[in-house]
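Participant: In the working numbering, the protein residues as written are 4 to 436.
Glycine included, every Cβ here is placed at the ideal spot set by N, Cα and C.
The structure's right below; bear with me while I get my questions together.
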Amino acid sequence: MQIGVIADDFTGATDIAGFLVANGLATTQMIGVPAAGTQVEGDAVVVSLKSRSNPAEEAIADSLAALEWLQSIGCRQIFQKYCSTFDSTAKGNIGPVADALMAALGTDITVICPALPVNGRSIYKGYLFVGDELLEESGMKNHPITPMTDSNLMRLMDGQSKGRSGVVTVSTIEQGAEAVKARIERLRGEGVSYVVLDAVTDAHLDVLGAAVADMAFVTGGSGLGAGIARAVASDAPGRIEELGRAAAEAGAPLPGRGVVISGSCSVMTNKQVAAYRKLAPAFDVDVERCLADAEGYGAEMAAWALEQPHGAGIPAPLITATASPEVLKAVQAKHGSAASEAVEQAFAAATRSLAEGGITRFVVAGGETSGSVTQALAVKGFAIGPQIAPGVPWVRATDRPLSLALKSGNFGAEGFFLDCQPEDVRAALEVRA
Numbered sequence: 004m005q006i007g008v009i010a011d012d013f014t015g016a017t018d019i020a021g022f023l024v025a026n027g028l029a030t031t032q033m034i035g036v037p038a039a040g041t042q043v044e045g046d047a048v049v050v051s052l053k054s055r056s057n058p059a060e061e062a063i064a065d066s067l068a069a070l071e072w073l074q075s076i077g078c079r080q081i082f083q084k085y086c087s088t089f090d091s092t093a094k095g096n097i098g099p100v101a102d103a104l105m106a107a108l109g110t111d112i113t114v115i116c117p118a119l120p121v122n123g124r125s126i127y128k129g130y131l132f133v134g135d136e137l138l139e140e141s142g143m144k145n146h147p148i149t150p151m152t153d154s155n156l157m158r159l160m161d162g163q164s165k166g167r168s169g170v171v172t173v174s175t176i177e178q179g180a181e182a183v184k185a186r187i188e189r190l191r192g193e194g195v196s197y198v199v200l201d202a203v204t205d206a207h208l209d210v211l212g213a214a215v216a217d218m219a220f221v222t223g224g225s226g227l228g229a230g231i232a233r234a235v236a237s238d239a240p241g242r243i244e245e246l247g248r249a250a251a252e253a254g255a256p257l258p259g260r261g262v263v264i265s266g267s268c269s270v271m272t273n274k275q276v277a278a279y280r281k282l283a284p285a286f287d288v289d290v291e292r293c294l295a296d297a298e299g300y301g302a303e304m305a306a307w308a309l310e311q312p313h314g315a316g317i318p319a320p321l322i323t324a325t326a327s328p329e330v331l332k333a334v335q336a337k338h339g340s341a342a343s344e345a346v347e348q349a350f351a352a353a354t355r356s357l358a359e360g361g362i363t364r365f366v367v368a369g370g371e372t373s374g375s376v377t378q379a380l381a382v383k384g385f386a387i388g389p390q391i392a393p394g395v396p397w398v399r400a401t402d403r404p405l406s407l408a409l410k411s412g413n414f415g416a417e418g419f420f421l422d423c424q425p426e427d428v429r430a431a432l433e434v435r436a
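Structure follows, in C-alpha cells:
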C-alpha cells in the first residue's frame, strides 16, 4: 500500500480518489474509519471523514483514528486531503489536524499544496487563486460555513497551527525536484514546519509530486495527489491506461432511476442548477420547512421526486437548496448555522426514502450535502469509476447496488448535471434542443 489519504469531506475524498486512479494507482475509498482488522487491496486507500467544519477536537480525534487504521494496513505515506480552496474556519480545522498528525507520525515538517490548475486553483508566492481572482475575492468569500477572507496560505497556517510557515516559489520549482527537496531541507533548518508549495501548471505538480513522494506526511489537494501518483506509477509503463480501463468497469454508473440533490451555493453550482432546471423538474427547498420538521419535509421531497416521470430519455428530477449570495446572506442573518444543519437533516431523510423507493443513482452537489447523503445511505466503501469532470468521478458502492457522483461546489462545467445523465437522456435532450 503506497498512500493512505485522510480526507475531510466526501466530495474531497472522491476527488482525490479519482485523480489517483486516473494517474495509475489502484484506489479504494472507505466511508468513515474502517473497523480494526479491515483489509483492502491496491496501491492507495482514501478514508472519507466529515470533519471539515465540525469542532477541531472532533476533527483531530477522527483523523487520528483514520491514521491508526492506515498505519495498520501498511501505508508508507499519509496524505491529509482538504479542498482546493482551503475551506477552513479561522480556528481550523486544517492546521490543528495537521499538527496532530505530524506529532503522531513523529515528523517535524510537511507541505501545504491545495493547487488544482485544471480547475483554476493555483498558488503563486504562497497566495491561492481561483481562476484570475485571489481566493478572498472569489465566490468563496460567501461560503455559508467556511467563508475565505484571506488568500495567503502562510498566514492562514500560521494562524491555525502551532508551527511556522515558509514557501517554495515557482522559480525554485522550475529548477526541478532536487531543487525543491533542497529548499524544503533549508526551511526545515530554519525551523519551518509547514512549507507552502507554489503550483501554477500541471507540470509544476509533476515536479512537486516527484519531490515529496518519499515524505512520510504531506497535505494538500487532489492536484498534489495526482503528481505523487504519476511519480509512483512512472516505473510501470502502461499502468495508467490499464487502471483507466479497470476504473471504467469497477465504478461505472449502474442503470436505474436517478435523482440530483444540490446543497452547494457556489457560483458554479448556481449556474449548473439554473441550466438543469430548464431540462428537468425541480423542487426548491424551503428552509423554514426544514427548520420546522426536517424529517417530515425530507420525506415530502422524496415523495415528490418518486412521483416524477421516469424512463428512457427522461432526465432525473432535481431537489435543490442552492441559492444566490444575496438569498444566502439573508438566511444566515436570520437563522445562522441552524439553517444549513436543518437542510442537511432534510436531505438525509429524503435520501433514505429515495433509496427505499428504488433510486440507485445519486448526483450530489456540495461537500456537506454529499456527506449527508452518503451517511444516510450507510455505504461502507466505493469502487472508483471514470471521471465525469476533473475531480468528480463516478463511484459505486462496494456493498449495495448504488452509484453516486459527489461534486464539490465549484467543480464541473455549466452542463454538469446533464453530463451525469444516461446516454439516452443526453441524446433525447440534444434532439429536443
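Answer with buried or exposed for Q178, where buried requires no fewer than 16 other C-beta atoms within 10 angstroms of its C-beta.
Facilitator: Position 175 of the sequence shown, counted from the start, is the residue given in the question as residue 178. Classification of Q178: exposed, given that the 10 Å Cβ count is below 16.
Participant: Taking the alpha helix (DSSP H) that F420 belongs to, which residues open and close that run?
Facilitator: Looking up residue 420 in the sequence shown gives position 417. Note, F420: alpha helix (DSSP H), F419 to D422.
Participant: At 4 residues or longer, and completely inside the stretch 48-78: list those alpha helix (DSSP H) runs for me, N to C.
Facilitator: With a minimum length of 4 residues, the continuous alpha helix (DSSP H) runs that stay inside the stretch 48-78 are 59-75.
Participant: Within the stretch 285-336, note down every full beta strand (DSSP E) run reaching 3 residues or more, in order along the chain.
Facilitator: You should have 285-287 and 321-323.
Participant: What is the DSSP secondary structure of A218, reduced to helix, strand or coil?
Facilitator: As a working mapping, residue 218 is identified with position 215 in the sequence shown. Going by the sequence as given, residue 218 is Met instead of Ala. Correct three-state label for M218: coil.
Participant: Check K84 in the structure and name its three-state DSSP category.
Facilitator: Within the sequence shown, numbered from 1, the residue matching residue 84 stands at position 81. Three-state result, K84: strand.
Participant: How far does the alpha helix (DSSP H) with R260 in it reach, from first residue to last?
Facilitator: For the purposes of this step, residue 260 is identified with residue 257 of the sequence shown, where counting begins at 1. No alpha helix (DSSP H) holds R260; the beta strand (DSSP E) holding it covers R260 to S265.
Participant: Which first and last residues belong to the alpha helix (DSSP H) in which Q378 is found?
Facilitator: For this step, residue 378 is matched to residue 375 along the sequence shown. Residues G370 to L380.
Participant: In whole angstroms, what separates the C-alpha of L23 from that of A285?
Facilitator: Residue mapping note: residue 23 aligns to position 20 of the sequence shown, counting from 1. Residue mapping note: residue 285 aligns to position 282 of the sequence shown, counting from 1. Computed Cα separation, rounded: 34 Å.
Participant: State the CB to CB distance for the pair Y300 and A349, rounded to an integer number of angstroms; the pair is presumed to be in contact (CB under 8 Å).
Facilitator: Counting from one through the sequence shown, the residue named residue 300 turns up at place 297. Counting from one through the sequence shown, the residue named residue 349 turns up at place 346. Contact holds; Cβ gap of about 5 Å.
Participant: Quick check on I19: does DSSP put it in helix, strand or coil?
Facilitator: Indexing the sequence shown from 1 puts residue 19 at position 16. Helix.
Participant: Less than 6 Å between C-beta atoms, sequence neighbours within five positions excluded: which residues of the same chain meet that for H313?
Facilitator: Taking the sequence shown and counting its residues from 1, the one referred to as residue 313 is at position 310. Result list for H313: R260, in chain order.
Participant: Does the separation of the CB atoms of V203 and S125 fall below 8 Å?
Facilitator: By 1-based counting over the sequence shown, the position of residue 203 is 200. By 1-based counting over the sequence shown, the position of residue 125 is 122. Yes. Within cutoff.
Participant: What are the residues that DSSP puts in a beta bridge with V395?
Facilitator: Within the sequence shown, the letter at position 392 stands for residue 395. In the DSSP output, where bridge partners are listed per residue, V395 has A392.
Participant: Roughly how many whole angstroms lie between the Cα atoms of L321 and A283?
Facilitator: What you label residue 321 is simply residue 318 of the sequence shown in a count that begins at 1. What you label residue 283 is simply residue 280 of the sequence shown in a count that begins at 1. When rounded, the distance between both Cα atoms is 7 Å.
Participant: Let's see if you can read the secondary structure: which residues bound the beta strand (DSSP E) around L131?
Facilitator: Taking the first residue of the sequence shown as position 1, residue 131 is located at position 128. Y130 to V133 is the extent of the beta strand (DSSP E) around L131.
Participant: Between which two residues does the beta strand (DSSP E) containing R124 stretch?
Facilitator: Taking the first residue of the sequence shown as position 1, residue 124 is located at position 121. R124 -> beta strand (DSSP E) spans R124 to Y127.
Participant: With C-beta atoms as the reference, is A232 less than 8 Å away from L432?
Facilitator: As a first step, residue 232 is located in the sequence shown; it is residue number 229 there, counting from the start. As a first step, residue 432 is located in the sequence shown; it is residue number 429 there, counting from the start. Not in contact: A232 and L432 (Cβ atoms no closer than 8 Å).
Participant: Taking the C-alpha atoms as reference points, what is the distance between V438 and S375?
Facilitator: A question about residue 438 goes unanswered here, because the residues of the chain that appear run from 4 up to 436.
Participant: Just the Cα atoms here: how many angstroms apart are C423 and I391?
Facilitator: Locating residue 423 in the sequence shown gives position 420, counting from the first residue. Locating residue 391 in the sequence shown gives position 388, counting from the first residue. Their backbone Cα atoms lie some 7 Å apart in a straight line.
Participant: First and last residue of the alpha helix (DSSP H) that includes P274?
Facilitator: Stepping through the sequence shown from its first residue, residue 274 is reached at position 271. The identity of residue 274 in the sequence shown is Lys, whereas the question assumes Pro. Unbroken alpha helix (DSSP H) run through K274: V270 to Y279.
Participant: Decide if the stretch 68-76 is in contact with the stretch 394-404; the criterion is three or more beta carbon pairs, one per stretch, under 8 Å apart.
Facilitator: Judged by Cβ distances under 8 Å, the stretch 68-76 makes no contact with the stretch 394-404, as fewer than three pairs qualify.
Participant: Take P37 and list the residues in its own chain whose beta-carbon comes closer than 6 Å to its own, dropping the five residues that flank it on each side.
Facilitator: By one-based count along the sequence shown, residue 37 stands at place 34. Only W72 meet the Cβ criterion.
Participant: Kindly indicate which residue of V48, L52, F419 and D201 has the alpha-carbon position closest to the one of S75.
Facilitator: In the sequence shown, counting from the first residue as 1, residue 75 sits at position 72. Minimum Cα distance to S75 is reached at V48.
Participant: What does the alpha-carbon distance come out to for the pair F419 and E426?
Facilitator: Indexing the sequence shown from 1 puts residue 419 at position 416. Indexing the sequence shown from 1 puts residue 426 at position 423. Using only the alpha carbons, I get a separation of about 14 Å.
Participant: If you compare alpha carbons, which of A333, V346 and A336 is closest to A295?
Facilitator: Translated into positions along the sequence shown, residue 295 becomes position 292. Answer by Cα proximity: V346.
Participant: Taking all protein chains shown into account, decide if A239 is buried (16 or more other Cβ within 10 angstroms of its Cβ) or exposed.
Facilitator: Here residue 239 refers to the residue found at position 236 of the sequence shown. It is exposed - the Cβ of A239 has fewer than 16 other Cβ atoms within 10 Å.
Participant: Can we say the stretch 124-140 touches the stretch 245-265, given the rule of at least three CB pairs closer than 8 Å?
Facilitator: Contact between the stretch 124-140 and the stretch 245-265 is absent, because fewer than three Cβ pairs lie under 8 Å.
Participant: In whole angstroms, what is the alpha-carbon distance linking I264 and P389?
Facilitator: In the sequence shown, counting from the first residue as 1, residue 264 sits at position 261. In the sequence shown, counting from the first residue as 1, residue 389 sits at position 386. Distance between the alpha carbons of I264 and P389 is about 20 Å.
Participant: At the level of alpha carbons, what is the spacing between Y197 and T401?
Facilitator: What you label residue 197 is simply residue 194 of the sequence shown in a count that begins at 1. What you label residue 401 is simply residue 398 of the sequence shown in a count that begins at 1. Spanning the two alpha carbons is a distance of roughly 36 Å.
Participant: State the CB to CB distance for the pair R399 and A379, rounded to an integer number of angstroms; the pair is presumed to be in contact (CB under 8 Å).
Facilitator: By 1-based counting over the sequence shown, the position of residue 399 is 396. By 1-based counting over the sequence shown, the position of residue 379 is 376. The pair is not a contact, with the Cβ atoms about 17 Å apart (cut-off 8 Å).
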